[in-house]
Every structure is written in structure tokens, then in C-alpha cells.
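Number of protein chains: 2
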Amino acid sequence: MTDIAPVLANADEALPQSLERLFDLVRIPSISTDPAYKADCRKAAEWLTKELNALGFNASVRDTAGHPMVVGHHDGAAENAPHVLFYGHYDVQPVDPLNLWENDPFEPAIKEIAPGRKVITGRGTADDKGQLMTFVEACRAYKAVHGGLPIKVTILFEGEEESGSPSLKPFLEANAAELKCDFALVCDTGMWDKDTPAIAAALRGLVGEEIVVTAADRDLHSGLFGGAAANPIHVLTKVLADLHDETGRITIDDFYEGVEETPANIKASWDKLGRTADTFLKDVGLSIPSGEQGRSVLELTWARPTAEVNGIIGGYTGEGFKTVIASKASAKVSFRLVGDQNPDKIRENFRAFVRARIPADCSVEFHEHGASPAIQLPYDSAFLTKAKTALSDEWPKPAEVIGMGGSIPIVGDFQTFLGMDSLLVGFGLVDDRIHSPNEKYELTSFHKGIRSWIRIIDALAK
Amino acid sequence: MTDIAPVLANADEALPQSLERLFDLVRIPSISTDPAYKADCRKAAEWLTKELNALGFNASVRDTAGHPMVVGHHDGAAENAPHVLFYGHYDVQPVDPLNLWENDPFEPAIKEIAPGRKVITGRGTADDKGQLMTFVEACRAYKAVHGGLPIKVTILFEGEEESGSPSLKPFLEANAAELKCDFALVCDTGMWDKDTPAIAAALRGLVGEEIVVTAADRDLHSGLFGGAAANPIHVLTKVLADLHDETGRITIDDFYEGVEETPANIKASWDKLGRTADTFLKDVGLSIPSGEQGRSVLELTWARPTAEVNGIIGGYTGEGFKTVIASKASAKVSFRLVGDQNPDKIRENFRAFVRARIPADCSVEFHEHGASPAIQLPYDSAFLTKAKTALSDEWPKPAEVIGMGGSIPIVGDFQTFLGMDSLLVGFGLVDDRIHSPNEKYELTSFHKGIRSWIRIIDALAK
Numbered sequence: 000m001t002d003i004a005p006v007l008a009n010a011d012e013a014l015p016q017s018l019e020r021l022f023d024l025v026r027i028p029s030i031s032t033d034p035a036y037k038a039d040c041r042k043a044a045e046w047l048t049k050e051l052n053a054l055g056f057n058a059s060v061r062d063t064a065g066h067p068m069v070v071g072h073h074d075g076a077a078e079n080a081p082h083v084l085f086y087g088h089y090d091v092q093p094v095d096p097l098n099l100w101e102n103d104p105f106e107p108a109i110k111e112i113a114p115g116r117k118v119i120t121g122r123g124t125a126d127d128k129g130q131l132m133t134f135v136e137a138c139r140a141y142k143a144v145h146g147g148l149p150i151k152v153t154i155l156f157e158g159e160e161e162s163g164s165p166s167l168k169p170f171l172e173a174n175a176a177e178l179k180c181d182f183a184l185v186c187d188t189g190m191w192d193k194d195t196p197a198i199a200a201a202l203r204g205l206v207g208e209e210i211v212v213t214a215a216d217r218d219l220h221s222g223l224f225g226g227a228a229a230n231p232i233h234v235l236t237k238v239l240a241d242l243h244d245e246t247g248r249i250t251i252d253d254f255y256e257g258v259e260e261t262p263a264n265i266k267a268s269w270d271k272l273g274r275t276a277d278t279f280l281k282d283v284g285l286s287i288p289s290g291e292q293g294r295s296v297l298e299l300t301w302a303r304p305t306a307e308v309n310g311i312i313g314g315y316t317g318e319g320f321k322t323v324i325a326s327k328a329s330a331k332v333s334f335r336l337v338g339d340q341n342p343d344k345i346r347e348n349f350r351a352f353v354r355a356r357i358p359a360d361c362s363v364e365f366h367e368h369g370a371s372p373a374i375q376l377p378y379d380s381a382f383l384t385k386a387k388t389a390l391s392d393e394w395p396k397p398a399e400v401i402g403m404g405g406s407i408p409i410v411g412d413f414q415t416f417l418g419m420d421s422l423l424v425g426f427g428l429v430d431d432r433i434h435s436p437n438e439k440y441e442l443t444s445f446h447k448g449i450r451s452w453i454r455i456i457d458a459l460a461k
Numbered sequence: 000m001t002d003i004a005p006v007l008a009n010a011d012e013a014l015p016q017s018l019e020r021l022f023d024l025v026r027i028p029s030i031s032t033d034p035a036y037k038a039d040c041r042k043a044a045e046w047l048t049k050e051l052n053a054l055g056f057n058a059s060v061r062d063t064a065g066h067p068m069v070v071g072h073h074d075g076a077a078e079n080a081p082h083v084l085f086y087g088h089y090d091v092q093p094v095d096p097l098n099l100w101e102n103d104p105f106e107p108a109i110k111e112i113a114p115g116r117k118v119i120t121g122r123g124t125a126d127d128k129g130q131l132m133t134f135v136e137a138c139r140a141y142k143a144v145h146g147g148l149p150i151k152v153t154i155l156f157e158g159e160e161e162s163g164s165p166s167l168k169p170f171l172e173a174n175a176a177e178l179k180c181d182f183a184l185v186c187d188t189g190m191w192d193k194d195t196p197a198i199a200a201a202l203r204g205l206v207g208e209e210i211v212v213t214a215a216d217r218d219l220h221s222g223l224f225g226g227a228a229a230n231p232i233h234v235l236t237k238v239l240a241d242l243h244d245e246t247g248r249i250t251i252d253d254f255y256e257g258v259e260e261t262p263a264n265i266k267a268s269w270d271k272l273g274r275t276a277d278t279f280l281k282d283v284g285l286s287i288p289s290g291e292q293g294r295s296v297l298e299l300t301w302a303r304p305t306a307e308v309n310g311i312i313g314g315y316t317g318e319g320f321k322t323v324i325a326s327k328a329s330a331k332v333s334f335r336l337v338g339d340q341n342p343d344k345i346r347e348n349f350r351a352f353v354r355a356r357i358p359a360d361c362s363v364e365f366h367e368h369g370a371s372p373a374i375q376l377p378y379d380s381a382f383l384t385k386a387k388t389a390l391s392d393e394w395p396k397p398a399e400v401i402g403m404g405g406s407i408p409i410v411g412d413f414q415t416f417l418g419m420d421s422l423l424v425g426f427g428l429v430d431d432r433i434h435s436p437n438e439k440y441e442l443t444s445f446h447k448g449i450r451s452w453i454r455i456i457d458a459l460a461k
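Listed in order, the protein sequences are those of chains E and S.
Take the first sequence: its position 2, counting from 1, is numbered 1 in numbering that gives the first Met the number 0, and each next residue is one higher.
Take the second sequence: its position 236, counting from 1, is numbered 235 in numbering that gives the first Met the number 0, and each next residue is one higher.
Encoded structure:
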């Protein structure tokens with residue numbers, strides 16, 4: 000049993016040093032999807048390993064076929080306290096378009112964006128370096144005051160979360176005995192609002208696909224061939240335009256198999272949260288919900304599946320104009336899944352949908368970019384209840400148990416490979432611009448995030 | 000009156016030197032649409048000016064707001080011979096994707112692609128540097144044998160043909176008195192086949208448009224916002240997919256205004272030429288005509304209008320995957336026009352078509368990329384008849400008078416600004432891969448092209 004008051008005080012006093020360490024980590028451009036940053040990903044893993052070892056963890060860089068993992072173990076002081084696995088990812092999204100950043104994405108800074116409201120700017124500050132460091136800094140405060148942790152902790156940091164986690168499943172499988180804990184703490188989610196902490200209990204799944212349509216075996220002059228030769232951009236735009244009907248419903252065969260209507264009482268509790276099209280979309284310059292008609296934005300983003308084109312390219316896209324009929328055109332398409340939708344079936348039916356729309360003299364290739372089912376966690380576990388109380392003690396308003404529109408495949412993988420549920424706690428805000436230029440993390444998220452973990456660790460030890 | 004036998008012999012003997020000069024010109028990467036090559040465009044203009052002055056022309060580089068023109072004048076020996084304006088363009092298309100080129104696009108070479116069939120490889124060899132040099136070399140052979148030309152010649156070389164010719168109209172207008180001739184010789188077209196020369200009497204027009212759709216004011220995470228926020232790629236693909244109906248007909252309001260059905264006798268003469276979907280499309284790896292159903296490929300490419308997407312881009316298009324909803328997506332779209340279709344009306348109706356499909360909380364911008372109406376030249380002018388005979392004398396088969404799918408806006412501009420018809424003679428082949436990687440020009444096209452101009456100049460002098 001530990002006294003947390005001095006631990007919280009230590010975290011408050013050490014905040015400037017905690018920030019310096021976060022800045023050091025953000026300065027490493029660990030973009031996992033781009034092979035040019037391979038060495039930087041390893042550098043981030045090595046940096047974290049060194050930090051953990053300095054805190055009394057037995058930590059090491061663990062090689063994979065892709066970017067390395069970091070695994071560290073720390074014993075706990077309290078008897079009968081749970082053994083938890085803390086998960087975060089040190090890799091970050093690409094930073095293009097770079098010209099839209101107001102600050103260097105890899106030179107973090109503190110910025111006062113409104114009176115009394117300070118943020119930490121830079122790629123990865125919110126997703127996920129700032130978040131994982133809240134836990135590391137909580138451990139540091141415990142060590143500084145009490146010489147160690149009250150609960151047994153294993154840490155797993157991944158370096159491929161932003162690029163489909165190709166090495167994760169094999170790694171969990173190969174190291175299941177070492178990594179199996181009572182449950183996992185996953186810090187890659189957000190607050191409900193700046194005063195209200197949140198625990199996410201439902202997460203959408205994800206299927207990523209890339210399609211490449213080929214028509215002629217070379218680029219053609221649109222004067223010589225236009226009107227007679229197939230244009231792969233036309234083929235592709237027809238396919239993609241067909242994905243949604245006039246009501247926003249996705250038209251792929253059996254797409255809604257496994258999707259259940261949200262119970263009325265859950266919808267009612269969501270309605271009370273007050274997130275409307277007006278408040279949610281206005282902030283990004285929009286006003287009209289674009290998905291299935293007649294549903295609230297919370298339902299659309301938490302409880303309904305989607306099909307989104309994340310990227311498209313074909314033909315001449317440089318300055319000026321080129322009257323060319325391209326040989327190839329391609330698109331990256333992702334599906335957010337809910338309920339019991341089967342990722343493999345979705346992929347298979349999508350491919351059939353595309354193939355049915357390819358002219359006989361054209362061809363199509365598919366490239367897989369990850370798959371994970373949706374997740375529904377128990378609303379009433381003991382550890383969820385403890386964490387909810389701990390969070391409510393730290394923040395101005397009580398914690399909410401919510402859904403999440405994003406995918407955190409690790410949660411499903413922990414269930415599948417380690418037979419372990421997760422507790423999803425994070426301190427991001429909806430306007431953190433993760434995956435966009437000018438990503439930021441609230442200074443309050445970082446500071447009170449550290450304090451929240453101190454309280455959660457203490458609650459779990461009791 | 001000159002004797003052409005020694006002129007033809009001189010052209011044959013000097014072929015190696017003629018090729019060297021063409022190679023020098025091809026080595027200059029005069030890509031007009033890309034500002035990075037501005038100095039190279041000027042270099043090409045200066046190179047040509049020097050060549051023309053060496054042949055007894057009074058030539059100079061003439062500045063414009065964009066890339067410069069080259070204008071040269073040469074007197075003729077024969078009395079009552081016509082004064083002709085020869086037109087070509089020294090600028091070339093971009094070379095991307097560079098990795099598909101088998102040879103450096105700007106290091107020309109002779110390649111034997113089949114026993115006895117040699118080609119000149121490199122960007123611009125066929126479009127249009129190789130073609131314009133056939134005329135320059137014909138003039139050189141005349142000068143070498145007879146000390147000058149039998150007809151009065153003005154030469155106009157443009158440097159913006161591949162980028163919408165923004166400076167051309169003002170230049171023609173400002174220099175109309177200097178440039179007005181009896182008619183123009185335009186060398187930017189092709190042979191019917193490798194044995195059959197052709198004179199093009201009908202050309203499709205062109206309207207170029209770029210559209211940029213904006214949804215949210217920043218890139219969004221597709222987990223947080225997917226299903227609720229508008230995706231500009233979805234908006235754009237819906238717009239583009241709507242451009243054609245199930246039968247390949249273009250659906251823009253009043254699009255077919257001014258399009259007349261081709262007379263049955265013309266269609267019959269085209270049918271005799273033997274270009275079918277099978278022969279024409281097979282060569283580029285296709286087999287099914289993609290445009291309006293129930294029409295031959297010659298009709299589709301010579302006598303029917305088109306709407307083609309020449310480029311599209313939006314969202315993440317790099318390696319790997321990024322679950323982003325883009326803020327913007329854009330496409331370059333061109334329309335080939337026939338008959339009396341009005342370019343301005345087509346543009347206006349296209350913009351209305353797009354605007355009608357943009358959600359109320361999204362926006363669209365348009366950028367204009369040139370416009371020219373279709374052209375129909377007289378089939379029976381004296382100069383066309385003379386040229387037809389001259390060409391038939393040089394090549395294995397008699398010359399054909401044909402249509403062209405491509406646009407040569409200069410022909411309309413010569414009519415509008417100089418009140419002058421054009422004679423369109425060129426020596427390209429359909430498989431020259433102009434605008435594509437591995438552009439080539441047949442060695443025979445170059446050699447017999449030079450000889451053809453010697454014969455045409457002689458015929459016109461009589």
C-alpha cells in the first residue's frame with residue numbers, strides 16, 4: 000500500500016523534465032509506413048528501452064521482420080495486485096502535406112493557443128508518444144517517491160501501429176507466455192471532452208485494401224485514343240461511386256451482416272452527451288452528416304460501419320495539363336466495422352464487387368492493408384470500475400464509458416492471442432489533429448494524464 | 000524551277016548529319032508545362048534560331064509572357080509561288096513515370112526494333128521535334144544544292160503547344176501582318192500507316208478543366224470522423240462517374256449540341272480503311288471500344304466528342320496506408336469536341352454539372368486549361384491536291400485524306416487570327432507513344448519525311 004499524495008506532488012514538480020523527455024522522443028521522426036524512416040523507428044525503440052531500464056524495468060529492443068518492439072518487465076510491491084500489460088506505439092503517421100504545418104512536426108514546442116490553454120505541438124504528440132509517456136512518467140514518479148511500483152507491470156511498445164502492425168500477431172503468438180497478464184492498459188484513445196475523462200468500451204474494426212486498375216499497357220494520347228480506349232480512372236471512379244447508394248448505405252453484398260441496431264437506451268444515453276452534427280462537424284468546417292441518413296453523428300461514428308476512400312491517384316497530377324489516358328489508376332479504401340462483421344468476408348465481397356465492375360479488357364489487382372474485427376468490452380469489470388473512480392477523482396467531471404470510431408486492432412489481438420481484455424484510457428481531444436498537419440496534445444492531457452495513471456495504478460494495487 | 004533529284008540525293012547523303020542535329024535538339028529537355036524547365040525551353044528556341052539563320056533565314060527568338068516563339072523568313076526563287084507559313088512546336092510533354100523508359104528520354108538513340116526497322120528513341124522525337132526537323136532538313140538540302148528555296152517560307156516554332164499555348168493567340172494577333180501567308184503547313188500529325196502518308200482534314204477540338212473539391216478544412220482521421228464527415232474523394236468520384244451513362248454517352252446538359260451524324264458515304268470510306276477495334280486497340284493491350292456503343296473506332300476517335308479524366312489525386316497516395324479523410328481531391332478533365340460544339344458552352348455546362356453534385360457543405364474550384372473548337376478543312380483545295388500527289392510519289396502507297404482525333408488548336412487560330420487555312424502533313428505512326436514513356440519516331444518517318452517536304456516544296460513552286 001503506497002501513499003499517492005507525494006507521488007502526485009512529484010509528478011507536478013517534475014513536469015518540466017517530463018516534457019523534455021517527451022520532446023526528445025517526438026524529435027525522432029519514427030514514420031513507420033515510409034521505409035526512409037526505418038532507422039528512426041529503431042532509434043525511438045532504443046530511446047524508450049533506455050528510459051525503461053533507468054526506471055528499474057528489465058527492458059529490451061526486440062527485433063521483428065519489421066520495426067522492433069520494446070518489452071519491459073517490472074515487479075510490483077503489493078501482494079495480490081494484478082499484473083498489467085501497458086501498451087502504446089512509438090511510430091507516427093507521415094507528415095505530408097508539410098507546407099500546412101505551422102511548426103516543424105519534429106521540433107516540438109509549447110504553444111499557448113488561448114489564454115491559459117497550452118498545447119504541445121508536433122507529430123506524435125497525441126498519437127501516441129505523448130500518451131504512452133504519461134504512463135512512463137507515472138512510473139517514474141512512483142520510483143522517485145517509493146522506489147518502485149505497487150503492481151506488476153509489463154510494457155509493450157509497438158512500432159508499426161500506423162502501418163497495419165504486420166509483425167504484431169506473430170510477436171504476440173511467439174511471446175504469449177511472457178506477455179500474458181491479467182489485463183491490458185491501452186493508452187491510445189481520448190477524453191470525452193477537456194473536462195471529462197473516458198474509458199472506451201466499443202471500438203470499430205478496420206479492413207484496408209488497395210486496388211489498382213489497369214487498362215491499356217501504356218499511357219495513351221487522349222486525342223488518338225480518346226473515345227475508343229478504356230480509361231482506368233473512369234473504371235475506378237465508377238467502382239468507387241457505386242460503393243454508396245443515394246441514402247449513404249454501402250452496397251457491397253452482405254456488407255451489413257453482423258451489424259445490429261444500437262439498443263434504444265444506449266442511443267438515448269449517447270444523445271444526452273450532446274454531440275450533434277452542428278457541434279462535431281462545425282469544428283472542421285462541415286455541417287451535414289455524410290453517412291447513412293437519419294442517424295446521429297455518434298451513431299454514425301461509433302456504431303455504424305463505413306467505406307472510405309483514403310487515397311486515389313491516376314494519370315497526370317503535376318502542374319499544368321497533360322492530355323493522357325493513363326494505363327493505371329489506384330485507390331486505397333478502408334472499411335470501419337462494427338458488431339460481428341467479418342473482416343475476411345468484407346474483403347472478399349469487396350473484391351467481388353470491384354471485379355464485377357471491371358471491363359473484360361481491363362484488369363485489377365488487390366493489395367491487403369490489415370484487418371481487425373470490431374471490439375465490445377465488458378462494461379462492468381472490476382478493473383473498469385476502479386479506473387473509472389480513479390479518473391473521476393482526477394478530472395473536473397466524472398468519467399464516461401463510451402464508444403470509439405477508430406480501430407485499435409491490438410485490443411482484438413490481446414483477446415485472440417493472450418486471452419486478455421483491455422482497459423482503454425487515453426487523454427487525447429477530438430481536435431488534436433492526429434494524422435493531420437499541426438497535431439497537438441494538450442499540456443493538461445499530459446500533466447493530468449500522468450496524475451491519472453498514478454491514481455489508476457494505486458487503485459489497481461488495492 | 001528547280002531540279003529535285005539532286006536535292007533528294009543530298010538529303011539521302013546528309014542523313015547522318017541530319018540525325019545528329021535532331022539528337023542535339025532532343026537532348027534539350029524543353030518540357031513547357033513544368034516551370035523547372037523554363038531555361039531549357041529558351042535554349043531549344045535559341046538552338047532552332049541559330050539553325051535557321053545558318054540556312055539563310057532571317058530568324059530570331061521572340062519573347063512572350065511564357066516560353067518564346069521562333070520566327071524566321073526566307074525568300075523564294077520561283078515567281079508566283081505561294082508564301083507558306085510552316086508551323087511546329089519545340090516543347091515536349093513531361094516524362095513521368097520515368098522508371099518506365101527503357102532509354103533516357105533526353106539521350107536519343109537509334110534502336111532496331113525489328114529486322115530492318117529502326118526507330119529514334121526519346122521524348123519529342125515524334126511530337127514534335129523530329130517532325131519539325133524534317134522540314135528544316137528539307138530546306139537545308141535545297142540550300143545545299145540550289146542555294147535557296149523555290150518558295151517564300153516563313154517559319155513559326157512555338158514552345159507552349161503541350162501546355163495550352165497561352166501566348167499564341169496574343170502573338171498571332173500582335174504579329175498578324177508579319178505572319179499572314181497564303182496558307183500554313185502544319186507538321187504535327189501522322190501517317191495513315193507506315194506505307195501510307197496522310198493529310199488530315201478534320202480535327203477534334205479540346206476543352207481542358209481542372210476541378211478541386213474541398214470538404215473539411217483539414218485532413219481528418221477516418222476513425223474519428225468516418226461515417227459523419229464528407230469525403231471529397233467520394234464527392235469527386237460520384238461527379239466523374241456520372242459523366243457517362245450506361246451506353247457511354249456523355250450526360251452533361253446540351254453536350255451534343257453542334258454534333259452531327261457522320262454522312263453514310265464518309266463512314267463507308269472510313270470502314271474501307273480497315274481500322275477496327277481489334278487492330279487498333281489490340282496494339283495497346285485492349286479489345287473493347289469504351290465510348291458510345293454501336294460506333295466504329297474511327298468514328299469514335301475522329302467524329303465523336305469525348306469526356307476523359309486525364310488525372311486524379313486525393314488523400315494519401317504514398318507507400319503503405321493512411322486512414323485519412325482528405326480535405327481536398329482534384330481531377331483534370333478534358334473534352335474532345337467535334338462539329339460545331341462550342342468550347343465555352345461546354346465548359347459552362349460542365350461546371351454547372353459539377354456544382355449540381357457538390358454537397359452544400361463542400362465547395363469546388365475550377366481552373367481553365369485551354370479551349371479550341373473542332374476544325375473541318377476543305378477537301379479540294381489546290382495545295383491539298385499538290386501535296387497529295389507529292390506524298391504519293393514518295394511513299395509506297397497513295398496518300399489518304401483522313402480525320403484526326405487529336406486537337407491542333409493552331410489550325411483554328413490560323414483561321415481566326417490570320418484568315419488562313421492549313422495543310423496538315425506529318426509522319427508519325429500510331430504506335431509512336433507520344434505523351435507516353437518510350438516515345439519514338441521511325442527512322443523512315445524522318446528520312447522520307449525530309450524527302451516528302453522536298454517534293455511538296457517543289458510541287459508548290461510549280
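Each residue gets a CB set at the ideal place from its N, CA and C atoms; glycine is no exception.
Keep in mind the model is a prediction, meaning the values are calculated, not measured.
Proximal residues to S:MET0 (C-beta, below 6 angstroms), its chain only, five neighbours per side dropped: Reliability of the predicted coordinates at S:MET0 is poor, the pLDDT of 48 falling under 50, and no value is obtained from them.
Members of the region 311-341 of chain E that neighbour chain S once the beta carbon cut-off is set at 9 angstroms: ILE311, ILE312, GLY313, GLY314, TYR315, THR316, GLY317, GLU318, GLY319, PHE320, LYS321, THR322, VAL323, ILE324, ALA325, SER326, ALA328, SER329, ALA330, LYS331, SER333 and ARG335
Residue from S:GLU399, S:LEU423 and S:GLY427 whose Cα sits closest to the Cα of S:GLY273: S:GLU399
Residue range of the beta strand (DSSP E) that includes E:VAL400: 399-403
Supposed close pair E:GLY225, S:GLY404 - CB separation, criterion 8 angstroms: 6 angstroms
Sheet register partners of E:LYS151 (DSSP bridge): E:HIS82
Contact list for S:GLU160 against chain E, beta-carbon separation under 9 angstroms: By Cβ distance, chain E contributes nothing, its closest Cβ being about 11 angstroms from S:GLU160, past 9 angstroms.
Beta-carbon proximity of E:GLU364 to E:VAL211, cut-off 7 angstroms: yes
First through last residue of the beta strand (DSSP E) which encompasses E:PHE182: 182-185
N- and C-terminal bounds of the beta strand (DSSP E) containing E:HIS368: 362-371
Straight-line Cα distance separating E:ASP95 from E:GLY158: 19 angstroms
Outcome for S:LEU167 when other beta-carbon atoms lying within 10 angstroms are tallied against a minimum of 16: buried
Backbone CA spacing between S:ILE456 and E:LEU235 [nearest angstrom]: 49 angstroms
Closest residue to E:PRO107 among E:GLY147, E:LEU24, E:ARG116 and E:ILE251 (Cα-Cα distance): E:LEU24
Coarse secondary structure for S:SER329, derived from DSSP in three states: strand
Sub-7 angstroms separation of S:THR153 and S:LEU84 beta-carbons: yes
Of the residues S:LYS439, S:LYS42 and S:LEU459, the one placed nearest S:THR388, counting alpha carbons only: S:LEU459
Closer than 7 angstroms to chain E by CB, S:MET0: At S:MET0, the pLDDT of 48 sits below 50, so the modelled position is not reliable; the number obtained from the coordinates is stated separately. Judged by the 7 angstroms Cβ criterion, S:MET0 is not in contact with chain E.
Any chain E beta carbon closer than 7 angstroms to S:GLY284: yes
Close beta carbons around S:LEU171, own chain, < 7 angstroms, minus the five adjacent residues each side: LEU178, ASP412, PHE416 and LEU417
Residue-level contact to chain S via CB, E:VAL211, 7 angstroms cutoff: no
Residues bridged to S:MET68 (per DSSP): S:ARG61
Extent of the continuous alpha helix (DSSP H) run through E:GLY204: First-last for E:GLY204: 204-213, but that is the beta strand (DSSP E), not the alpha helix (DSSP H).
Limits of the beta strand (DSSP E) - the one that E:ALA113 falls within: 108-113
Beta-carbon proximity check, E:PHE156 vs E:VAL91, cutoff 7 angstroms: no
Residues that S:TYR440 bridges to, as DSSP identifies them: S:ILE119
DSSP beta-bridge partners of S:GLN130: Bridge partners of S:GLN130: none, in fact.
CB contact check: S:ILE232 to chain E, cutoff 7 angstroms: yes
Identified DSSP bridge partners for E:LEU299: Beta-bridge pairing links E:LEU299 to no other residue.
Residue from S:ARG354, S:VAL353 and S:PHE182 whose Cα sits closest to the Cα of S:PHE424: The amino acid occupying residue 424 of chain S in the given sequence is Val; Phe does not appear at that position. When each option's Cα is compared against that of S:VAL424, the closest is S:PHE182.
Distance CB(S:ARG122)-CB(S:GLU438) smaller than 7 angstroms: yes
Closer than 7 angstroms to chain S by CB, E:PRO196: no
Own chain partners of E:ILE287 with C-beta closer than 6 angstroms, once the 5 adjacent residues on each side are dropped: none
Segment limits, alpha helix (DSSP H) that includes E:LEU280: 276-281
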